[in-house]
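Colleague: Structure in structure tokens, see below.
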Amino acid sequence: MTDPARTDRTALRSTLHRRGMRMTPQRQLVLDAVRELEHATPEQVCRQIQHTTPTVNITTVYRALDLLEELGLVRHTHLGHGAPTYSVEEHEHVHLVCHRCGRIDEVACDMLDGLAGDLLEQCGFTLDATHLALSGTCRNCRDADTVANPSASANGKEPR
């Protein structure tokens, strides 16, 4: 089995080399932190790195994230009202964000093919689902609500 972090390092090094740029320890630290944290804000990435390398500052993190996104190695998504979060670009997916507990799940973009087709046909709009976060209630929160308020689920209504 291949090590995803090693694959990222190889991809980053070769992509930078083709562009006449060099691999820096800071860029590698940012990429490693994004992989480890999964969905992280720039501030979270910076804090993670500063545990081992206190000299890395937030400006360096933002610049590295911008470059890594330009190179197609990470992607940012707005999961709520706060700062964007970054994740390693391994596969195209849509984020499902529970507005109650904050849980983040990923589903394949093709789950939205019907919606994408309708938007194109009816509105002439091409959906970029890879940059999409849908807000709702996760199964765990919904199940907890059903236990707490069985009459609401019997009526087919989601508790508020």
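Residue numbers for the sequence shown follow full-length UniProt numbering, so the first one is 1 and each next one is one higher.
Glycine included, C-beta positions come from ideal geometry on N, C-alpha and C.
#1: Could you check what DSSP says for Leu71 in three-state terms: helix, strand or coil?
#2: Can you give the Cα-Cα distance for Pro159 and Val107, rounded to whole angstroms?
#3: Check this for me: beta carbons of Val74 and Glu92, under 7 Å apart or not?
#4: Would the stretch 94-109 and the stretch 135-145 be scored as touching if the rule is three or more Cβ pairs under 8 Å?
#5: Check Thr55 in the structure and name its three-state DSSP category.
#6: Grouping DSSP H, G and I as helix and E and B as strand, with all else coil, what is Ala116?
#7: Around the Cβ of Ser87, are there at least 16 other Cβ atoms within 10 angstroms (buried) or fewer (exposed)?
#8: Can you tell me which of the three DSSP states Thr137 falls into?
#9: Please state whether the Cβ-Cβ distance between Arg13 and Met23 is less than 7 Å.
#10: Would you call the CB atoms of Gln26 and Thr60 closer than 7 Å?
#11: Can the beta-carbon of Phe125 be found less than 7 Å from the beta-carbon of Leu119?
#12: Buried or exposed: where does Gln48 fall if 16 or more other Cβ atoms within 10 Å of its Cβ makes it buried?
Modeller: By the coordinates alone:
#1: Counting from 1 along the sequence shown, the entry for residue 71 is found at position 71. In the three-state DSSP reduction, Leu71 falls in the coil class, being neither helix nor strand.
#2: If you number the sequence shown from 1, residue 159 lands on position 159. If you number the sequence shown from 1, residue 107 lands on position 107. Per-residue confidence for Pro159 stands at a pLDDT of 47, beneath the threshold of 50, marking its modelled position as unreliable; the derived number appears in the next sentence. Their backbone Cα atoms lie some 25 Å apart in a straight line.
#3: Here residue 74 corresponds to residue number 74 of the sequence shown, with the count starting at 1. Here residue 92 corresponds to residue number 92 of the sequence shown, with the count starting at 1. Here Val74 is not near Glu92, since their CB atoms are 7 Å or more apart.
#4: Enough Cβ pairs lie closer than 8 Å, so yes.
#5: Mapped onto the sequence shown, residue 55 falls at position 55. Here DSSP, grouped into helix, strand and coil, assigns Thr55 to coil.
#6: Against the sequence shown, residue 116 aligns to sequence position 116. Residue state, collapsed to three classes: helix.
#7: Position 87 of the sequence shown, counted from the start, is the residue given in the question as residue 87. It counts as buried.
#8: By one-based count along the sequence shown, residue 137 stands at place 137. Correct three-state label for Thr137: coil.
#9: Counted from its first residue, the sequence shown places residue 13 at position 13. Counted from its first residue, the sequence shown places residue 23 at position 23. Yes, these two residues count as a Cβ contact at 7 Å.
#10: Against the sequence shown, residue 26 aligns to sequence position 26. Against the sequence shown, residue 60 aligns to sequence position 60. In this structure, Thr60 lies closer than 7 Å to Gln26 by Cβ.
#11: Mapped onto the sequence shown, residue 125 falls at position 125. Mapped onto the sequence shown, residue 119 falls at position 119. Using a Cβ distance threshold of 7 Å, Phe125 and Leu119 count as a contacting pair.
#12: Taking the first residue of the sequence shown as 1, we reach residue 48 at position 48. Buried, because 16 or more other Cβ atoms sit within 10 Å of the Cβ of Gln48.
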